[in-house]
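Undergrad:
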Amino acid sequence: MARVLLFGRLSDVAGWRERSIDSPFLSALRITLAAEDAALGEALGGKGVQVALDQVIVRGDAPINPGTEVAFLPPMSGG
Amino acid sequence: MARVLLFGRLSDVAGWRERSIDSPFLSALRITLAAEDAALGEALGGKGVQVALDQVIVRGDAPINPGTEVAFLPPMSGG
Amino acid sequence: MIRLTFDPFDPGALLTEFAKGRSETGAVATFTGIARAEAGATVALELEAYPGFTEGEIGKIAAGAKARFGLDDCEIVHRIGRIAPGEPVVFVATAARHRRAAFEACDFLMDYLKSKAPFWKKEHGPDGARWVEPGDQDHADIARWDKETSR
Amino acid sequence: MIRLTFDPFDPGALLTEFAKGRSETGAVATFTGIARAEAGATVALELEAYPGFTEGEIGKIAAGAKARFGLDDCEIVHRIGRIAPGEPVVFVATAARHRRAAFEACDFLMDYLKSKAPFWKKEHGPDGARWVEPGDQDHADIARWDKETSR
Chain A
1 MARVLLFGRL SDVAGWRERS IDSPFLSALR ITLAAEDAAL GEALGGKGVQ VALDQVIVRG
61 DAPINPGTEV AFLPPMSGG
Chain B
80 MARVLLFGRL SDVAGWRERS IDSPFLSALR ITLAAEDAAL GEALGGKGVQ VALDQVIVRG
140 DAPINPGTEV AFLPPMSGG
Chain C
159 MIRLTFDPFD PGALLTEFAK GRSETGAVAT FTGIARAEAG ATVALELEAY PGFTEGEIGK
219 IAAGAKARFG LDDCEIVHRI GRIAPGEPVV FVATAARHRR AAFEACDFLM DYLKSKAPFW
279 KKEHGPDGAR WVEPGDQDHA DIARWDKETS R
Chain D
310 MIRLTFDPFD PGALLTEFAK GRSETGAVAT FTGIARAEAG ATVALELEAY PGFTEGEIGK
370 IAAGAKARFG LDDCEIVHRI GRIAPGEPVV FVATAARHRR AAFEACDFLM DYLKSKAPFW
430 KKEHGPDGAR WVEPGDQDHA DIARWDKETS R
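Protein chains in written order, with this note's numbering: chain A, 1 to 79; chain B, 80 to 158; chain C, 159 to 309; chain D, 310 to 460.
#1: For A:Pro74, tell me which candidate among A:Gly41, A:Val49, A:Asp37, A:Ser23 has the shortest Cα-Cα distance.
#2: Between the stretch 350–362 of chain D and chain B, which residues of the former have a C-beta closer than 9 Å to a C-beta of the latter?
#3: Report yes or no: is there a C-beta of chain D within less than 8 Å of the C-beta of C:Glu182?
#4: Do D:Ile343 and C:Arg255 have their beta-carbon atoms positioned less than 8 Å apart in this structure?
#5: Given a limit of 9 Å on CB to CB distance, which residues of the stretch 25–44 of chain A reach chain C?
#6: Less than 8 Å between the CB atoms is what I'm expecting for B:Gly158 and D:Val398, so what's the real figure, rounded?
#7: Check distances from the C-beta atoms of the stretch 270–298 of chain C to those of chain A and list, in chain order, the residues that come in under 7 Å.
#8: For D:Lys369, which residues does DSSP report across the bridge?
#9: Assign A:Ala43 to one of two classes, buried (16 or more other C-beta atoms within 10 Å of its C-beta) or exposed (fewer than that).
#10: Grab me the residues of C:Lys279's own chain with a C-beta within less than 6 Å of its C-beta, minus the 5 sequence neighbours each way, in chain order.
#11: In the DSSP assignment, find the unbroken beta strand (DSSP E) run with C:Phe277 in it and report its ends.
#12: Using a Cβ-Cβ cutoff of less than 7 Å, which residues in the same chain neighbour B:Ser102 once the five nearest sequence positions on both sides are dropped?
#13: Can you look up C:Ala253 in the DSSP assignment and give me helix, strand or coil?
#14: Which same chain residues end up closer than 6 Å to B:Ala113 when comparing Cβ atoms and leaving out the 5 residues on each side of it in sequence?
#15: Please list the residues of the stretch 388–399 of chain D that have a C-beta atom closer than 8 Å to any C-beta atom in chain C, keeping them in chain order.
#16: Spell out whether any CB of chain B is found under 8 Å from the CB atom of D:Gly368.
#17: What residue from D:Asp455, D:Phe327, D:Leu354, D:Thr341 has the CA that sits closest to D:Ala438's CA?
#18: Whose Cβ in chain D lies nearer than 7 Å to the Cβ of B:Ser99?
#19: Contact criterion: CB-CB distance below 8 Å. Does D:Ser459 meet it with respect to chain C?
#20: Where does the unbroken alpha helix (DSSP H) through B:Ser90 begin, and where does it stop?
#21: Does the CB of A:Ala52 have a neighbour CB from chain C at under 8 Å?
#22: Closer than 8 Å, CB to CB, is C:Ala185 near chain D or not?
#23: Do C:Phe167 and C:Met268 count as a contact pair if the criterion is CB distance below 8 Å?
#24: Establish whether the CB of C:Gly222 and some CB of chain A are separated by less than 8 Å.
#25: Look at the alpha carbon of A:Phe72 and the alpha carbon of D:Ile451, and state the distance between them as a whole number of angstroms.
#26: So that I know if they touch, is there some Cβ in chain A lying closer than 8 Å to that of C:Leu214?
#27: Check whether the Cβ atoms of B:Arg96 and B:Leu84 lie closer than 8 Å to each other.
#28: Is the beta carbon of D:Ala346 sitting closer than 8 Å to the one on D:Pro394?
#29: Quick check on D:Ile385: does DSSP put it in helix, strand or coil?
#30: B:Arg82 versus chain D: which residues are under 7 Å apart at the beta carbon?
#31: Within 8 Å (strictly less), CB to CB, does B:Phe151 reach chain D?
#32: Examine chain C for any beta-carbon lying closer than 8 Å to the beta-carbon of D:Ile451, and answer yes or no.
#33: In its own chain, which residues sit with a C-beta less than 7 Å from the C-beta of A:Arg19, not counting the 5 before and 5 after it?
#34: For B:Pro154 and chain D, any beta-carbon pair shorter than 8 Å?
#35: Do you know how far the Cα of B:Asp91 is from the Cα of C:Trp303?
#36: Please report the distance separating the alpha-carbon of B:Arg138 from that of B:Ala131.
Put into structure tokens, the structure is as follows:
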């Protein structure tokens, strides 16, 4: 199981901030989330949305080990 | 009588900071001070030394009314 | 030192501690950002951070600024959560031997914090809430530091 | 507010008061200048002011800075008399709606205070005392503000 975290407007779109989801790859996780909630699926693929695995930004697909923290980060606004 | 004030290195040269001296003009006051202490006379005419009468910078000669504060200001160093 | 806090803080108390016991630092610059009321248009500000990640990213920039400007030290404290108008949002302090370095590093860190730091900002107004993205002025401010190596 | 003081002061306490109750100010910048020990080369600093005249001249520059940078407020506190290494010498705080104005005004005021303000400075070292005049860096710093109207 991976810990999936949503930040900023993404959690407003989804209606949740944190869930445990089982998925072997980031690409598969995106498909699972979009199948369940089309609006969230679109928001996750939106301009400037980045993904961090265990707090490290990754680009493209990546395997997700059990216990990994997967964070979807919309464009950062600064403080 | 005018209150004569010396600042910075000028008071080190003269050995005093404040004195009451009777003089009708700034030019006459300079002559009086230089006659009494040649080193001070030279220092007062040195580069960048300004004079303020009642806290207003003046250039050239000026009359000195009784009770006027005459300040000799060497180049200001900033804080 | 980099710290995120849900609680209000007093920038003066932070400066008192930061400036203490520095017999070779000649210069301490600080910046305090305060939430503006915008004449009632903003009821509150809400800032979300990603705990751990946000401090880590700010820490990288702070380390870069220490090296780039030759700082003795720097400190960043940032409010998160819900912030009322008039409350401090961010405090940055820099210490250096000379004032130019202290000023420039403080200015640089604020430009980064205001435009690129990992926060997500929501403004609560009388007609509801909206998520904020960095403005054009923030982009222009941060771009200054790419063009010049020092001023 | 412009104040000269023979007594040590805490820049943090000044910032606490200055930042209070500002719901439309967004930005407070401060600078604290601290006497450096210079690894023992400076035993103490001695600053002489011309009471009344010094505050008046600083006040004129502060009023100019308020207008030029559109400040909400500014405050300047300056130590005079004998100052030990590690003790604050000068504190400048500026308040504005936006951070660029607050930073630039603080920087501008410090350049003026360090190079042209009516003080006379003596450095007491292990081998005696000497009067100090503004250095080349101070002249270069103050000259920046004649060339530009804003950065």
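Every residue gets a Cβ at the ideal spot worked out from N, C-alpha and C, and that includes glycine.
TA: According to the data block:
#1: Indexing the first sequence from 1 puts residue 74 of chain A at position 74. With distances taken between Cα atoms, A:Pro74 lies closest to A:Val49.
#2: Leu356, Glu357, Ala358, Tyr359, Gly361, Phe362
#3: For the purposes of this step, residue 182 of chain C is taken as the residue at position 24 of the third sequence. Yes, contact with chain D.
#4: Here residue 255 of chain C corresponds to residue number 97 of the third sequence, with the count starting at 1. Here residue 343 of chain D corresponds to residue number 34 of the fourth sequence, with the count starting at 1. For C:Arg255 and D:Ile343, no; Cβs fall outside 8 Å.
#5: none
#6: Translated into positions along the second sequence, residue 158 of chain B becomes position 79. Translated into positions along the fourth sequence, residue 398 of chain D becomes position 89. Correct: roughly 6 Å between the Cβ atoms.
#7: Leu271, Lys272, Ser273, Lys274, Ala275, Pro276, Phe277, Trp278, Lys279, Trp289, Val290, Glu291, Pro292, Asp296
#8: Numbered from 1 along the fourth sequence, position 60 holds the residue referred to as residue 369 of chain D. In the DSSP output, where bridge partners are listed per residue, D:Lys369 has none listed.
#9: For this step, residue 43 of chain A is matched to residue 43 along the first sequence. Under this definition A:Ala43 is a buried residue.
#10: Position 121 of the third sequence holds residue 279 of chain C. Closer than 6 Å at the Cβ level, and outside the excluded window around C:Lys279, lie Leu205, Val290.
#11: The count along the third sequence starts at 1 and reaches residue 277 of chain C at position 119. Taken as a continuous stretch (DSSP letters only), the beta strand (DSSP E) holding C:Phe277 covers 277–283.
#12: Reading the second sequence from its first residue, position 23 is the one you call residue 102 of chain B. Cβ within range, chain order: Ala81, Leu108, Thr111, Ile143.
#13: If you number the third sequence from 1, residue 253 of chain C lands on position 95. Residue state, collapsed to three classes: strand.
#14: Position 34 of the second sequence, counting from 1, holds the residue named residue 113 of chain B. Here the set comprises Gly120.
#15: Pro394, Gly395, Pro397
#16: Along the fourth sequence, one-based indexing puts residue 368 of chain D at 59. By this cut-off, D:Gly368 is not an interface position.
#17: What you label residue 438 of chain D is simply residue 129 of the fourth sequence in a count that begins at 1. Per the Cα distances, D:Leu354.
#18: Residue mapping note: residue 99 of chain B aligns to position 20 of the second sequence, counting from 1. Under the 7 Å cutoff, chain D gives no residues; its nearest Cβ is about 18 Å from B:Ser99.
#19: Walking along the fourth sequence from the start, residue 459 of chain D turns up at place 150. Confidence at D:Ser459 is low in this model, with a pLDDT of 45, below 50, so its placement is unreliable and no value can be given for it.
#20: Position 11 of the second sequence, counting from 1, holds the residue named residue 90 of chain B. Per DSSP, B:Ser90 belongs to the alpha helix (DSSP H) from 88–93.
#21: Along the first sequence, read from residue 1 onward, the residue named residue 52 of chain A stands at position 52. At least one chain C Cβ lies under 8 Å of A:Ala52.
#22: Along the third sequence, one-based indexing puts residue 185 of chain C at 27. Yes, because at least one Cβ of chain D sits closer than 8 Å to the Cβ of C:Ala185.
#23: Working through the third sequence from its first residue, we reach residue 268 of chain C at position 110. Working through the third sequence from its first residue, we reach residue 167 of chain C at position 9. Not a contact, by the Cβ cut-off of 8 Å.
#24: The residue labelled residue 222 of chain C in the question sits at position 64 within the third sequence. Not closer than 8 Å to any Cβ of chain A, the Cβ of C:Gly222 fails to qualify, so no.
#25: Position 72 of the first sequence holds residue 72 of chain A. Position 142 of the fourth sequence holds residue 451 of chain D. Whole-angstrom Cα-Cα distance: 48 Å.
#26: Numbered from its first residue, the third sequence carries residue 214 of chain C at position 56. For clarity, residue 214 of chain C is Gly in the given sequence; the question names Leu instead. True, the Cβ-Cβ gap to chain A drops below 8 Å.
#27: Within the second sequence, the letter at position 17 stands for residue 96 of chain B. Within the second sequence, the letter at position 5 stands for residue 84 of chain B. Yes, they are a contact pair.
#28: Indexing the fourth sequence from 1 puts residue 346 of chain D at position 37. Indexing the fourth sequence from 1 puts residue 394 of chain D at position 85. Result yes, Cβ atoms of D:Ala346 and D:Pro394 sit closer than 8 Å.
#29: Indexing the fourth sequence from 1 puts residue 385 of chain D at position 76. If DSSP states are grouped into helix, strand and coil, D:Ile385 belongs with the strands.
#30: As a first step, residue 82 of chain B must be located in the second sequence, where it is residue number 3. Those do not exist, as B:Arg82 stays about 12 Å from chain D at its closest Cβ, beyond 7 Å.
#31: As a working mapping, residue 151 of chain B is identified with position 72 in the second sequence. No, its Cβ sits nowhere closer than 8 Å to a Cβ of chain D.
#32: Counted from its first residue, the fourth sequence places residue 451 of chain D at position 142. No, because no Cβ of chain C sits closer than 8 Å to the Cβ of D:Ile451.
#33: In the first sequence, the residue the question calls residue 19 of chain A occupies position 19. Here the set comprises Val4.
#34: As a first step, residue 154 of chain B is located in the second sequence; it is residue number 75 there, counting from the start. Answer yes: the Cβ-Cβ gap between B:Pro154 and chain D drops below 8 Å somewhere.
#35: Indexing the third sequence from 1 puts residue 303 of chain C at position 145. Indexing the second sequence from 1 puts residue 91 of chain B at position 12. About 48 Å.
#36: Stepping through the second sequence from its first residue, residue 138 of chain B is reached at position 59. Stepping through the second sequence from its first residue, residue 131 of chain B is reached at position 52. About 9 Å.
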